[in-house]
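Undergrad: Starting off with a structure, shown below.
Residue numbers (my numbering): 86 to 228.
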């Protein structure tokens, strides 16, 4: 049975962008794009050092809004529409909670390799591994 609601978590990576395109081209159903702003300790981020406090969170939320807006524009280019959501929290936990509370029946997400321990984490990435392992719905990982 084809899904009726697909969730595409975006983190700004090329693989996440590929996941969005895959979802929009593969599934003809309601699609939601989610970006999770992760609170960071000690003012550190993936891209370097950020100022602590509200300015850091405001900058992260602004970046998140830019990502989901870009995804919405990409959907229009493919003659589709997406709902956009920005939430704050742990990425894997927030994705899983969103699936449970919004009748999502399929997740399409980018996977990231890395040097983490464990074969699955090397192949998929930490967040994708957690979502694949714990989601109560089908998950497609785009690599």
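No residue lacks a Cβ here, since even glycine has one placed at the ideal position from N, Cα and C.
Sorted by chain position, which residues of the same chain lie with C-beta nearer than 7 Å to residue 182's C-beta, five sequence neighbours on each side aside?
TA: As a position in the chain shown, residue 182 is number 97, starting the count at 1. Hits under 7 Å: none found.
Undergrad: Residue 179: buried (16+ other C-beta within 10 angstroms of its C-beta) or exposed?
TA: Along the chain shown, one-based indexing puts residue 179 at 94. So residue 179 counts as buried.
Undergrad: Whose C-beta lies closer than 6 Å to the C-beta of residue 168 among residues of the same chain, with five residues either side of it excluded?
TA: Stepping through the chain shown from its first residue, residue 168 is reached at position 83. The residues are 117.
Undergrad: Would you call residue 216 buried or exposed, if buried means 16 or more other Cβ atoms sit within 10 Å of its Cβ?
TA: Walking along the chain shown from the start, residue 216 turns up at place 131. Burial call: buried.
Undergrad: If residue 148 sits next to residue 109, beta carbons under 8 Å apart, how far is it from one beta carbon to the other, in whole angstroms?
TA: The sequence position of residue 148 within the chain shown is 63, counting from 1. The sequence position of residue 109 within the chain shown is 24, counting from 1. Rounded, the Cβ-Cβ distance is 22 Å, inconsistent with contact.
Undergrad: I'd like the ranges of any alpha helix (DSSP H) spanning at least 4 consecutive residues and lying wholly in the region 154-201.
TA: Listed in chain order, the complete alpha helix (DSSP H) runs (minimum 4 residues) inside the region 154-201 are 176-186.
Undergrad: Could you tell me the distance, in whole angstroms, from the CA atom of residue 163 to the CA atom of residue 188?
TA: Within the chain shown, residue 163 is the residue found at index 78, counting from 1. Within the chain shown, residue 188 is the residue found at index 103, counting from 1. Those two C-alpha atoms are separated by around 24 Å.
Undergrad: Tell me whether residue 122 is buried or exposed, calling it buried when 16 or more other Cβ atoms sit within 10 Å of its Cβ.
TA: The residue labelled residue 122 in the question sits at position 37 within the chain shown. Per the 10 Å Cβ criterion, buried.
Undergrad: CB residue 194 to CB residue 106, shorter than 8 Å?
TA: As a working note, residue 194 is residue 109 in the chain shown. As a working note, residue 106 is residue 21 in the chain shown. Cβ distance not < 8 Å, so residue 194 and residue 106 don't count as in contact.
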